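**Student:** In our numbering, the protein residues as written are 34 to 289.
No residue lacks a Cβ here, since even glycine has one placed at the ideal position from N, Cα and C.
Nothing here was measured: the structure is a model prediction, and the numbers come from that model.
Quick one: structure below, then a few questions.
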């Protein structure tokens with residue numbers, strides 16, 4: 034049995050998230066089906082995490098086991114991309130040790146939340162059109178407070194079954210792009226359900242001056258989701274990076 038990591042990208046608009054669900058189309062379901070066709074055996078791809086309905090992934094990793102060796106990675110990538118729908122793409126194939134796991138071996142994940150201040154038909158479902166002016170300096174002051182804490186219960190979806198609500202934040206800042214997008218970028222060792230969208234919405238309340246920077250700190254200290262701000266819409270959220278320890282991959286195989 035051989036294990037491979039697959040680097041993929043997907044537009045989440047048409048999907049009920051990554052993870053397989055009953056009576057709903059998901060990215061994992063589609064990928065499993067197409068991998069099974071190409072490799073001619075039943076494949077169960079395991080993702081590095083789960084994205085919610087409508088959330089996108091510019092960089093996502095999944096692993097799968099297969100009896101046969103994939104000797105021609107370029108041919109395999111070409112074949113799988115031909116049968117996948119246009120909103121899912123495979124970019125790279127990595128040969129890994131059989132114990133390697135895309136979810137549990139990841140050391141960090143990076144998300145971006147993207148906002149456009151004017152209506153843009155080319156960004157429909159790829160950025161949130163929010164037209165109210167926001168104070169970027171205040172939002173970045175508040176974002177720095179995230180580094181002071183590890184327990185982010187205040188930004189977690191209630192009722193989730195996790196052992197801990199602790200996360201280590203490595204990066205958190207707002208910036209504007211050359212094409213007039215307002216972006217919140219956050220990197221951590223792990224994230225809680227709905228955490229990025231809840232943090233983004235609460236920081237926007239700071240930018241709207243509904244909350245002070247000190248209020249933002251008190252919200253985290255309260256460990257109470259009801260004290261935090263609104264959760265921004267899913268379609269502006271992108272998973273943009275996942276990091277693994279050095280030496281994780283036996284070989285790295287690129288697409289054309």
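What are the complete beta strand (DSSP E) segments, minimum 3 residues, inside the segment 142-213?
**Tutor:** Runs of the beta strand (DSSP E) lying entirely within the segment 142-213 and spanning at least 3 residues, in chain order: 202-209.
**Student:** Under the rule that 16 or more other beta-carbon atoms within 10 Å means buried, what is residue 289, buried or exposed?
**Tutor:** As a working note, residue 289 is residue 256 in the chain shown. Its pLDDT being 43, under 50, residue 289 is placed unreliably in this model, and the value from its coordinates should be taken loosely. Residue 289 should be labelled exposed.
**Student:** Exposed or buried, which one is residue 232 when buried takes at least 16 other CB atoms within 10 Å?
**Tutor:** By one-based count along the chain shown, residue 232 stands at place 199. Label assigned to residue 232: buried.
**Student:** Taking contact to mean 3 or more Cβ pairs, one atom from each stretch, closer than 8 angstroms, check whether the segment 131-143 and the segment 56-70 are in contact.
**Tutor:** no
**Student:** Three-state secondary structure (DSSP) at residue 76?
**Tutor:** Sequence index remark: in the chain shown, residue 76 carries index 43 (1-based). Residue state, collapsed to three classes: coil.
**Student:** Please identify the residue among 243, 156, 85 whose C-alpha is closest to the C-alpha of residue 52.
**Tutor:** Taking the chain shown and counting its residues from 1, the one referred to as residue 52 is at position 19. When only C-alpha atoms are compared, the closest one is 85.
**Student:** So for residue 40, helix, strand or coil by DSSP?
**Tutor:** Locating residue 40 in the chain shown gives position 7, counting from the first residue. Note: residue 40 maps to strand in three-state DSSP.
**Student:** Out of 128, 130, 129, 113, point me to the one whose CA is closest to residue 122's CA.
**Tutor:** Taking the first residue of the chain shown as position 1, residue 122 is located at position 89. Closest option to residue 122, judged by alpha-carbon separation, among 128, 130, 129, 113: 113.
**Student:** What's the gap between the Cα of residue 69 and the Cα of residue 142?
**Tutor:** If you number the chain shown from 1, residue 69 lands on position 36. If you number the chain shown from 1, residue 142 lands on position 109. Roughly 28 angstroms separates the two Cα atoms.
**Student:** Taking C-alpha atoms, which residue in 36, 170, 125 lies nearest to residue 238?
**Tutor:** If you number the chain shown from 1, residue 238 lands on position 205. Taking each of 36, 170, 125 in turn and checking the Cα distance to residue 238, the smallest one comes out for 170.
**Student:** For residue 96, does the count of other Cβ atoms within 10 angstroms reach 16, so buried, or fall short, so exposed?
**Tutor:** Against the chain shown, residue 96 aligns to sequence position 63. Label assigned to residue 96: buried.
**Student:** So, under 8 angstroms CB-CB, residue 190 and residue 226 are touching, yes? Tell me the CB distance rounded to an integer number of Å.
**Tutor:** Here residue 190 is taken as the residue at index 157 of the chain shown, counted from 1. Here residue 226 is taken as the residue at index 193 of the chain shown, counted from 1. Distance from residue 190 to residue 226 at the Cβ level is roughly 4 angstroms; contact confirmed, criterion being Cβ atoms closer than 8 angstroms.
**Student:** Can you tell me which residues form a DSSP beta bridge with residue 122?
**Tutor:** Taking the first residue of the chain shown as 1, we reach residue 122 at position 89. Residue 122 pairs with 42.
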